[in-house]
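Residue numbers (the working numbering), protein chains in the order written: chain A, 1 to 455; chain B, 456 to 910.
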């Protein structure tokens, strides 16, 4: 392990015993060696990949533990260097928590965030003010299981008009992660114990499925999206991102859509459609949902996390009628937030925001593609990220480190795969400042060039 | 069964098989007989107590199912009559969901709600506006696990100053139910499988513990609060409401507090303190938390549900350091809501609101006590409810029905006990309109008198 040679023997140092999932045990173990002074202030931790290899864990486990300890103030992610201890056993009591990631200076191309600079602050404040001025007193009571009827109605209308969905019963959750967790628990209670998921894909949702007691089976993705023919027999549930696959950026082809629905009918299965950034298509109109093609076979999940902000904690799900009774309708998000979003939708503010955001992302994507040309980029003109394929002999993790040394955060494609494959980077431009596109491209070119000259 | 004689044989009619907890199976079974037309529109359902006896379930199970189906629009709670079917199989598609309970006209003395008429709408809107105007862009990203550092700091300060707590690490949850669920799962992961709870008590929290895999052991309450000496040996965790026991309204006496802490040290146990309406004491200053007396032995839970509104979905927990690592810090409530509450606290708006609310509740309680005198009321001058003891030969459920027939909703004390005991009513005045106090007292007297003349 090139990077951990100078570090302690982590597998010996860390006590990973005790209850809980791996990332929690690792968090505890790291916190313990910081608290007892084994790792003093300013000590450098190994890169997440190196530590993952040392411990035999997935890298996701390590990054979760690091981010947790950053949030708690024990660690800090330093621009241009690795993760370091920022807590001193000599200090008075536990450190104050700090912002994870966002506190980091420099340019962040980690995927998963929309443009936080353009959150529609004034229009959202207007919606909240209207709710607070006009809502009947009863609205300040306990939230209604399944979500507020007004938001459910307005949102169903939006999904029918804008996403081609066939829904008359949409329910409100805290986000896609929460909604998917509820669906997974429903699958489990119905005796379905395996779920297929795209490989590569969003590993956090896999973790959610695992926590619900399901086994997750990776199914490869090619240029037409999920390889439906590769879903193992016996599997009766599959999680897909048809509109814009994460992270490869492909769109599920019409033939594959038909094949997927045929599969679901053949096995009496459930397709779980994560419609996660479908609103952002730049070259043509967004592709409608698979759910609209056969609502009896598809559970549709969505949220405002990629369209407005993850800070709102609002998502939704619409499941086929035969699943309705199995999916927990509680807890419901705060009623005032639900009513604010309903008002925002009713006033057309959501549609206006999406139109403006689409223009902005399209321009930014074009600028980034131009600035990075002729590097090999993939993914259709959609969403909030691109994939950059590296030369076969390049080591993506090394490029990530070299970029970090320049103050640029990018993600290793392997972070979204259960098993490593051809080297690549995921570049999220959703929250990239327009003025930083050129700098980001230059720093990334340097990091790639330096890596290429090394190999 | 007096009340179900005219109804079908429910235990035969309802198919309670299938997965899930009892209240979910009952919900499904009732929905099925409504959907297939077995129960037509306007059909009357038996009172929850009668159906519970018929099915051998607790009444909580039945009320949960009824409320769920009311929320879904299949049932309606009619003022002055029982629960009725409001869905017709001939209607187009599933019924639109409706408000549960709150939709009911008349006077509602069910406990659990603060005064929704006096939610500080303008000051809350001001706090939201300030957050939206001034928060750095990064605040619109994903919520930080464990809660926003700013709210955590302000809230810890509030709990130290106003609740005598010794906390430097308070974490944010969606409410007390959510926080208690996290603590229960932590207990379970630490190998603790039983938790003691006050009898009578808030049955919803018992359900939460059960769902987390714990066995709940009821421990009686007398005029000094929890009978610490009755905690069975082998039990190492206990849920208590020391400041104002729900529903009896007693305060845990100083001797019992000492005894409880002694118990916790002896068995190396955890006291879980639900500080649920501690801010509202009318005859003296609120009693400080037990947590403040030995923070190494007590987990403190609280929320704004009884002080501001359950619609905000904000609660918190502070656990002893040895438990910190075991309690899940995610998911976190929406960041904007957390920041709005932090702002509300920082500006002193929370303290002002509590002062005004205390005056209002005190006056209302005095008015209700006067209007009901000389009926035997119990509970110290605190909180948002009273207990009315009925004559030993009275049937509380019958009084509840007779009151309902007059448009007055009150609760049977048995609703909060696992095993029925001396007849009593719980009267919640938190959300009672001041102008309705006299009417409520008159209707209740009539209902009690009618029941007394019958027996």
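C-beta atoms are modelled at their ideal positions from N, C-alpha and C, and glycine is treated no differently.
Proximity of chain A to residue 774 of chain B at the Cβ level (cut-off 7 Å) is not reached, the minimal Cβ distance being about 13 Å. Closest by C-alpha distance to residue 774 of chain B, out of B:728, B:794 and B:766, is B:728. The beta carbons of residue 275 of chain A and residue 163 of chain A sit closer together than 9 Å.
Interface residue (Cβ-Cβ distance to chain B less than 9 Å): residue 178 of chain A is classified as such. Interface flag for residue 129 of chain A against chain B is set, since a Cβ pair is found closer than 9 Å. A distance below 6 Å between beta-carbons, with the five flanking residues on each side excluded, links residue 344 of chain A to the following residues of its chain, in chain order: 127 and 350. Cβ-Cβ distances below 7 Å link residue 434 of chain A to 364 in the same chain, with the five nearest sequence neighbours on each side left out; the list follows chain order. Where residue 757 of chain B is concerned, there is no enclosing alpha helix (DSSP H), although the beta strand (DSSP E) around it starts and stops at 753–758. Per DSSP, residue 675 of chain B is one residue of the beta strand (DSSP E) stretching across 670–677.
With contacts defined as CB atoms closer than 9 Å, residue 652 of chain B and residue 694 of chain B qualify as a contacting pair.
Judged by pairs of C-beta atoms under 8 Å, the stretch 356–375 of chain A does not touch the stretch 177–185 of chain A, as fewer than three such pairs exist. Inclusion of residue 329 of chain A and residue 314 of chain A in the CB contact set at 9 Å is not warranted, their separation being larger than that value. When DSSP states are grouped into helix, strand and coil, residue 699 of chain B belongs to the coil group.
Following the DSSP letters along the chain, one finds residue 24 of chain A inside the alpha helix (DSSP H) bounded by residues 22–35. Contiguous beta strand (DSSP E) elements confined to the stretch 133–206 of chain A occur at 171–173 and 194–199, taking only those with 3 or more residues. Annotation: the continuous alpha helix (DSSP H) that includes residue 353 of chain A extends over 349–372.
Ranking B:896, B:648, B:871 and B:849 by CA distance to the CA of residue 907 of chain B puts B:849 first. For residue 791 of chain B, the nearest CB of chain A lies under 9 Å from its own CB, placing it at the interface with that chain. Distance from the CA of residue 776 of chain B to the CA of residue 140 of chain A, rounded to the nearest whole angstrom, comes to 35 Å.
Across the set A:250, A:222, A:254 and A:217, the C-alpha of A:217 shows the shortest separation from the C-alpha of residue 236 of chain A. Residue 726 of chain B is bridged by DSSP to B:693 and B:753. Nearest CB-CB separation between residue 600 of chain B and chain A: below the 9 Å threshold.
Taking C-beta atoms as the reference points, residue 31 of chain A and residue 48 of chain A fail to come closer than 9 Å. At a cut-off of 9 Å between beta carbons, residue 788 of chain B contacts chain A.
Residue 38 of chain A has a beta carbon lying at 9 Å or more from every beta carbon in chain B. Under the 9 Å criterion on CB atoms, residue 747 of chain B is classed as non-interfacial with respect to chain A. If you look at residue 84 of chain A, you'll find it in the beta strand (DSSP E) that goes 83–85. At a beta-carbon threshold of 7 Å, the residues of chain A lying near residue 594 of chain B are 311, ordered along the chain.
Beta-bridge annotation (DSSP): residue 499 of chain B is paired with B:539. Comparing alpha-carbon positions, the option among A:379, A:111 and A:220 lying closest to residue 415 of chain A turns out to be A:111. For residue 349 of chain A, no CB of chain B lies under 9 Å from its own CB, so it is not counted at the interface with that chain. Of the other Cβ atoms in all chains shown, fewer than 16 fall within 10 Å of the Cβ of residue 223 of chain A; this residue is therefore exposed. For residue 270 of chain A against residue 264 of chain A, the beta-carbon gap comes to about 7 Å, under 8 Å, which counts as contact. No residue range can be given for residue 228 of chain A, since it is assigned to no alpha helix (DSSP H) and is classified by DSSP as neither H nor E. Of the candidates B:703, B:660 and B:668, the residue whose Cα lies closest to the Cα of residue 680 of chain B is B:703. Of A:63, A:215, A:123 and A:339, the smallest CA-CA separation from residue 150 of chain A is found for A:339.
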